[in-house]
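Residue numbers (our numbering), protein chains in the order written: chain F, 431 to 1209; chain E, 531 to 691.
The block underneath contains the structure these notes are about, expressed in C-alpha cells.
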Amino acid sequence: MGVEGIGASVVRKEDRRFITGKGRYVDDIKVMGMTHAHFVRSPHAHAKIKSVDTAEAMKMPGVVGVLTGQQIVDDKIGNLICGWAITSKDGTGMKMGAWPAMAPETVRFVGQAVAVVIAETKNQARDAAEAVVVNYEELPAAADIRAAIAPGAPQLHPEAPGNVIYDWTIGEEAATDAAFKAAANVVSLDITNNRLVPNAMEPRAAIAEYNEPEEHFTLYTTSQNPHVARLVLSAFYNIAQEHKLRVVAPDVGGGFGSKIFIYPEEMVALWASKKVGRPVKWTGDRTEAFLTDAHGRDHLTKAEMAFDKDNKVTALRVKTYANLGAYMSLFSSSVPTYLYATLLSGQYNIPNIFAEVISVYTNTVPVDAYRGAGRPEASFVVERLMETAARQLKVDPAELRRKNFITQFPHQTPVIMAYDIGDFNASLDSAMKAIDYAGFPARKAKAKSEGKLRGIGVSCYIEACGIAPSKAVGSLGAGVGLWESAEVRVNPVGTIEVLTGSHSHGQGHETTFCQLIAERLGIPISQVQIVHGDTDKVQFGMGTYGSRSAAVGLTAILKAMEKVEAKAKKIAAHQLEASEGDIVIENGEFKVTGTDKSIALPMVALAAYTAHNLPDGMEPGLKEGAFYDPTNFTFPAGAYICEMEVDSATGKSSFVNFVAADDFGRLINPMIVEGQVHGGLAQGIGQALLEGAVYDSSGQLLTASFMDYAMPRSDDLPSFKLSHTTTLCPGNPLGVKGCGEAGAIGASAAVINAITDAIGNNNLEMPATPDRVWHAIHG
Amino acid sequence: MSTVKLTVNGKAVSADVEDRTLLVHLLRENLNLTGTHVGCDTSQCGACVVHIDGRAVKSCTVLAAQAAGSNVTTIEGIAKGDELHPMQAAFRDNHGLQCGYCTPGMIMSAIDIVHRHSGQLDEETVRTELEGNICRCTGYHNIVKSVLDAAGRMKVAQAAE
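Here's what the structure looks like:
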C-alpha cells in the first residue's frame, strides 16, 4: 500500500477550494441573461384557491412573467410522484393524492407554492410576489397524526379516505400474539419520534436554462442524485426528454436526505425558463427550507416486547402511525415501512416480530428520508424497549442486551433482513471499556452526594445500508434499481479520471475514491481526478444516500478498475515480451516478477492510445466502465454509551461523556469515517435534546427559522470518544459497510436512556428539553 | 441607488447598489466574492461572517452602505497567495469541514476568536465563542480541534513576524 492507499487518513483533496472560498455551489453560479424567481406561497395549511390575480404584479418593475398553478396544469406538466409502491394488508395499493408543482385549486400545507414571479432581480421578484393577490377559502386542517385519523377529520385527498395512505404489515401476527400470551414478562412503551427539519446549511437552489434551437434544458441544482432527478423529470413530469436535459449538481452544501427528492421548485424553474425564454434562478431562503424541504421522522408508536423467564426476548409487537405530510414525496412510503420495520430485530435474536404501519396525510410539509431514514426510528423503539425492560426486570441493561445478542451469522430475522456478519459483543465491550461502565455506580453515588442526578444510557444499533440490491428493492416496491456505475479513464499521459454515479455533498469522495486507485496502482492521489454530479459527463448513477457510496459506488469503481488493470497488464506484457500472468503492479509500474524488467503506467497508457504496438486484435485506448449491483445490504452496527448529569433544579442535561464504538467493516479513510460519525451523532443528539418541528393545531409551522428551531450549536455538544471494531463485510470485495448514518441512528436512544436513568422516570419524550425533563422529575 | 466605496481584501472597490442591499449581497453579487455564504434569514447561522476593520461581523446584518469606507476582509482575502492562513490549514489538517458551506464563516469567526484571546484558548472557550456559527456536518468536534490547533499555529506565525 502506498501512503495514500486504503486505510490511510489522507487529508481531503477537495478542502482547498472550500477553505479558500472557491467552492462552487448553485447560488454562486451566474448564467448570461439570468432572471430570478420568487414563489408566492400559501399562508394557510388547507384552503381552496378561489382566484389568483397577477395583474398588479405584472406591472411591477423588472417583472418578466407571473405564472400560476393553473398554467402548469394547462401545460400538462406531471404531478409529483412517490416512486415506491406499498401495498396495504388488504391487498390494495397506496392511496396517492395528486401533487401539482404549484397548486391550481387547493393548498394543503403552509408554504405550498401557488404562483411564481420571474423578474430581472431577486428583489424585484420578491416585491412583485407581494402584489399577487390570492383569494383563499380556508378549510379546516389536520396538523398531526391524531387529528388526521380522528373521526370527522378534515379530508386532504379524495383518493385517501380517512387520510390513511396505507395500512401495511410485516411479520407473523398469530405467532407473535401467541408468544405474548406465553410470555413471563411484557414491556410496553408509547413512543413519539419527533419530527425533524434536515437543515443542510446550503438552502436548495436551481438554475434552469432552456436552449430553444437545441430544444435542450440545463438544470443546475442542489441534488444528491442528479441522474435520478433527470430520470424523474423526464419520465414522469413531462418537463423534457431525458436526452434533452442535463442535470448538474456541483458543490452541494449538505443533504442528509433532503436533497434526494425532486421538488416543485426545480420543476417550475425548468418549465418557466422555456415559458419566459430566459434562464431562471431560484435560491431558497431558510424559511422556505423549513416550509418546503421534506421533513424527517414523525412517528407515533406503541411497542411491546415479550420475555421468557430467563429474560430472553420471545417477541416484539409494534404499531406505528407515520405522518407523511400533505403529499407523498419521492421515497416517503419506503421510509416507515421497508427502511424501518425490517430493522426492528435490532441486534437481537427475536423469534417473533409483527409490525403494523399506518401512514397518514396531514396538512404539513411532506415527510421523507432524513439521515438514517427509518432506521433511527426502528433503533429508538428497540433500544428504548431494551432499556425499559432492563429496569423492569431489574437486570443490568448491558447484560440484558448481551444475553439476547445474535452471535451466529448469517442470521435471518423474521422481518426480511439476513444479517451477513457482525460481532455485537465486541462493540459493546469496546464502548463499556471506553466509558468505564464498571465504575459508573461509584460516579453516580458521588454525583448524588453533590446534589446531581447522574445517568448512563446504552444504545446498540444496527442498520441496513449500502442501499441496493436492485432485485430485492424491486420486489419490495421500488421504482428504480439501486446499483451503481463507474468509469475509469486512464489518459494517454497516465493521469486518471474516475467517473462515478455517486454524488459527494460533504462525504469526501474526491479523496476516498482516489485512495482506491492509489492503492491499486501505487500512485499518488494527485494523479487521479473524481468526476461526479453531471449527467452529461457520467453515464448514469443512482446518487448518494443510505450510506451507499463506498459499498456500492466504490465497488463499481473497483470493478471498472479491474478491467482497466487486466487490459493494462496485457499491454505491459506485450511491451515487455513477458507472460501476462507474470505482470504485477507496484508503485505505478508494471513489473515482470522475478526480473528487473518494468514499464511505467504512463508508457502503458501512451501505448494504448498510440496503438502502434498493441497485442493483435486489441482495441486501442485504456478506459473501462462497470455497473455493480450487490446481492445484499450491508449491516454496520455499534454500541453507543452516554453518561449524563441532570440538574434537578433546572432540568438541564449535560454530557459527562459520550463513547461510540462502531463496526463499519474496512475503513477507507479513518479520519473521514470519524468525521461522518461526529456529524451523525450531532444529529442524533440534536433530535434527543433540542430539535423538533412544531405545528400549531391550525397547521402553522411555529419553528420556521433558526430563531425557533433549536439547531445543535458548538456548546450543546461534547467531544466524542470513538473506537472501531471490525468484521469485514462479505457482501462486497472491499469489505466496507458504510458509516454516514450510524451516529444519527444510535445516538438518540443512548441520550434518552441516560436521562431517564438519571431522573428515574421512564416517560420522557424527545426533544428532552429542560422544561420536559424538569416536569418529568417534579411531576 | 447609491454608490458605496470600500476596501475589500486590500483593494479599493465601488458598487452601485439599492439602499436596502446587504453587505453579503454586495460581496457576492457585485464583487463575485461567493466564498461568503448565506445560510439563514435571521443572522443565526454565521455562514456570512467577514471581518470589518479587523472584527468578525455577520455580513447579512450590515447594510452595504453602512460598510462604506471600511476595510472588509473575506475568506478570499486571508491566504497569502498560495500560502494558506494558519486557520485554513488547521481546518484542512484536522478535517474541520465536510460540505464546506459553513466553513468560510466558521474560519472568519475562528480567526477573530483567536485574536481576541491572544491565542490563549481552551475547548470550552472555543465552544462558547463559536455558538454564533452553525455547522450541520461535523458535530463541531473537528472544528473545535481545528481552532485550538490554529491558535498555536497563529502564535508561532506571529512570533515569526
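In this text, a Cβ means the ideal position worked out from N, Cα and C, and glycines have one as well.
Work out the CA separation of residue j and residue i for me, nearest whole Å.
i, j, result
"Leu-754/F", "Val-568/E", "29 Å"
"Ser-418/F", "Ile-987/F", "In the structure displayed, chain F extends from 431 to 1209; residue 418/F sits before or after that span and is not available."
"Met-431/F", "Gln-959/F", "Residue confidence is low: Met-431/F scores 44 on pLDDT, short of 50, so the model does not pin down where it sits. Its coordinate-derived value is still stated next. Roughly 19 Å between the two C-alpha positions."
"Gly-582/F", "Ala-545/F", "31 Å"
"Ser-532/E", "Val-547/E", "6 Å"
"Leu-649/F", "Lys-1151/F", "42 Å"
"Leu-1147/F", "Tyr-768/F", "32 Å"
"Asp-1187/F", "Phe-1094/F", "29 Å"
"Lys-732/F", "Arg-657/E", "39 Å"
"Ile-1102/F", "His-625/E", "7 Å"
"Ser-860/F", "Thr-1155/F", "8 Å"
"Gly-635/E", "Ala-577/E", "4 Å"
"Val-1203/F", "Cys-570/E", "30 Å"
"Ile-1189/F", "Val-1181/F", "12 Å"
"Val-547/F", "Met-532/F", "12 Å"
"Thr-722/F", "Thr-599/F", "30 Å"
"Gly-521/F", "Val-594/F", "14 Å"
"Ser-664/F", "Phe-1057/F", "22 Å"
"Lys-874/F", "Ser-809/F", "26 Å"
"Ala-572/F", "Ile-479/F", "18 Å"
"Gly-776/F", "Ile-1175/F", "11 Å"
"Ile-1015/F", "Val-812/F", "48 Å"
"Val-686/E", "Gly-669/E", "28 Å"
Does the Cβ-Cβ distance between residue i and residue j come in under 8 Å?
i, j, result
"Arg-625/F", "Gly-1122/F", "yes"
"Tyr-596/F", "Ile-516/F", "yes"
"Tyr-1070/F", "Val-1089/F", "yes"
"Gln-1005/F", "Ala-1041/F", "no"
"Arg-454/F", "Asp-681/F", "yes"
"Gly-1209/F", "Gly-1110/F", "no"
"Val-918/F", "Val-1034/F", "no"
"Pro-954/F", "Glu-434/F", "yes"
"Ala-1179/F", "Ser-889/F", "yes"
"Pro-659/F", "Ser-703/F", "It should be pointed out that residue 659/F corresponds to Ala in this sequence rather than to Pro. Cβ distance not < 8 Å, so Ala-659/F and Ser-703/F don't count as in contact."
"Gly-565/E", "Thr-604/E", "yes"
"Val-765/F", "Ala-803/F", "yes"
"Leu-1064/F", "Gly-896/F", "It should be noted that the sequence gives Thr, not Leu, for residue 1064/F. For Thr-1064/F and Gly-896/F, yes; Cβs fall inside 8 Å."
Can you name the residues that DSSP bridges to residue i?
i, result
"Tyr-1070/F", "Ser-889/F, Ala-1090/F"
"Ile-600/F", "Ala-785/F"
"Gly-523/F", "Thr-517/F"
"Thr-537/E", "Ala-542/E, Asn-601/E"
"Ser-532/E", "Val-547/E"
"Thr-551/F", "DSSP, once it has assigned bridges, lists no residue as partnering Thr-551/F."
"His-466/F", "Ala-549/F, Lys-711/F"
"His-581/E", "Ala-586/E, Thr-603/E"
Looking at the unbroken beta strand (DSSP E) that takes in residue i, where does it start and where does it end?
i, result
"Asp-713/E", "Nothing about residue 713/E can be reported from this structure: the residues present for chain E run from 531 to 691 only."
"Val-482/F", "477-483"
"Gly-495/F", "493-498"
"Arg-625/F", "615-626"
Assuming residue i is part of the alpha helix (DSSP H), what are its boundary residues?
i, result
"Tyr-1039/F", "1031-1040"
"Gly-869/F", "Unbroken run through Gly-869/F: none, as it is neither H nor E."
"Val-1213/F", "Because residue 1213/F is not part of the residues shown, which for chain F are 431 to 1209, the question remains open."
"Leu-721/F", "716-722"
"Thr-658/E", "653-659"
Quick one: does residue i have its CB under 8 Å from some CB of chain A?
i, result
"Gly-569/E", "Absent from the structure: chain A. Protein chains present are F and E."
Report the residues of the region 621-640 of chain E with a CB closer than 8 Å to any CB of chain F, ordered along the chain. Phe-621, Arg-622, Asp-623, His-625, Leu-627, Gln-628, Cys-629, Gly-630, Tyr-631, Cys-632, Thr-633, Pro-634, Ile-637: these are the residues of the region 621-640 of chain E whose beta carbon lies less than 8 Å from some beta carbon of chain F, given in chain order.
To be precise: take each residue of the region 916-927 of chain F, compare its Cβ to all Cβ atoms of chain E, and keep it if any distance is under 9 Å. Which residues remain? Residues: none.
When Cβ atoms are compared, which residues of the region 645-660 of chain E fall closer than 9 Å to chain F? Within the region 645-660 of chain E, the residues whose Cβ lies closer than 9 Å to some Cβ of chain F are Glu-653, Glu-654, Val-656, Arg-657, Thr-658, Glu-659, Leu-660, listed in chain order.
Using a Cβ-Cβ cutoff of 8 Å, what residues of the region 535-555 of chain F are near chain E? List them in chain order. Residues passing the 8 Å Cβ filter: Asn-553.
Please identify, using Cβ separations under 9 Å, the residues of the region 1006-1039 of chain F that lie next to chain E, in order along the chain. Here the close residues number zero.
Using a Cβ cut-off of 9 Å, which residues of the region 691-715 of chain F contact any Cβ in chain E, in chain order? Answer set for the region 691-715 of chain F: Thr-713, Asp-715.
What are the residues in the region 554-567 of chain E lying within 9 Å of chain F by C-beta distance? Residues passing the 9 Å Cβ filter: His-555, Arg-558, Glu-559, Asn-562, Leu-563, Thr-564, Gly-565, Thr-566, His-567.
Going along the chain, which residues of the region 558-577 of chain F sit with their C-beta nearer than 7 Å to a C-beta in chain E? Those would be none; no residue qualifies.
Between the region 604-615 of chain E and chain F, which residues of the former have CB atoms less than 8 Å from a CB of the latter, in chain order? From the region 604-615 of chain E, only Thr-604, Ile-605, Glu-606, Ala-609, Leu-614 have a Cβ closer than 8 Å to chain F.
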